[in-house]
Amino acid sequence: MNIWNRLIELFNSSTSNHEEMNIVDSIAKSKILYKKLISITHPDRNPTQEELAKVLSERINANRYNYRELKNIEQEVYKKLLKP
């Protein structure tokens, strides 16, 4: 039984560690990435894909302080908006 408790404790601590790293990354890196993405996806800069640019800009604004989600959106921007 002791080994199961240790495994559960190990799993919980690793999950917590990932969340803590996201918080640190969010504080340190999200502002820079946010500015970069919002300038790329601004609807005025993408007149041919204005609707997609609006949707991506809204998602970027909603996740302004979440670095992990901004990284996911960044990949989507490069796949959908910049390389159609």
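Residue 78 in the UniProt record's numbering is what sits at position 78 of the sequence shown, and the numbering runs on without skipping anything.
Each residue gets a CB set at the ideal place from its N, CA and C atoms; glycine is no exception.
Separation of residue j from residue i, as counted between CA atoms
i   : j   : result
P47 : L81 : 11 angstroms
I3  : E9  : 10 angstroms
D44 : R6  : 55 angstroms
I40 : V77 : 8 angstroms
K36 : K83 : 17 angstroms
R64 : S57 : 10 angstroms
Cβ-based burial, residue i [other Cβ within 10 Å; buried from 16]
i   : result
N12 : exposed
Y34 : buried
A53 : buried
Heavy atom of the ligand SAM within 7 angstroms of residue i beta-carbon
i   : result
S30 : With respect to the ligand SAM, the structure offers nothing, as it holds no ligand at all.
Collapsed DSSP secondary structure at residue i in the structure displayed
i   : result
K83 : coil
Y65 : coil
Contacts around residue i, its chain only, beta-carbon distance under 8 angstroms, and the 5 residues preceding and following it disregarded
i   : result
K29 : Y67
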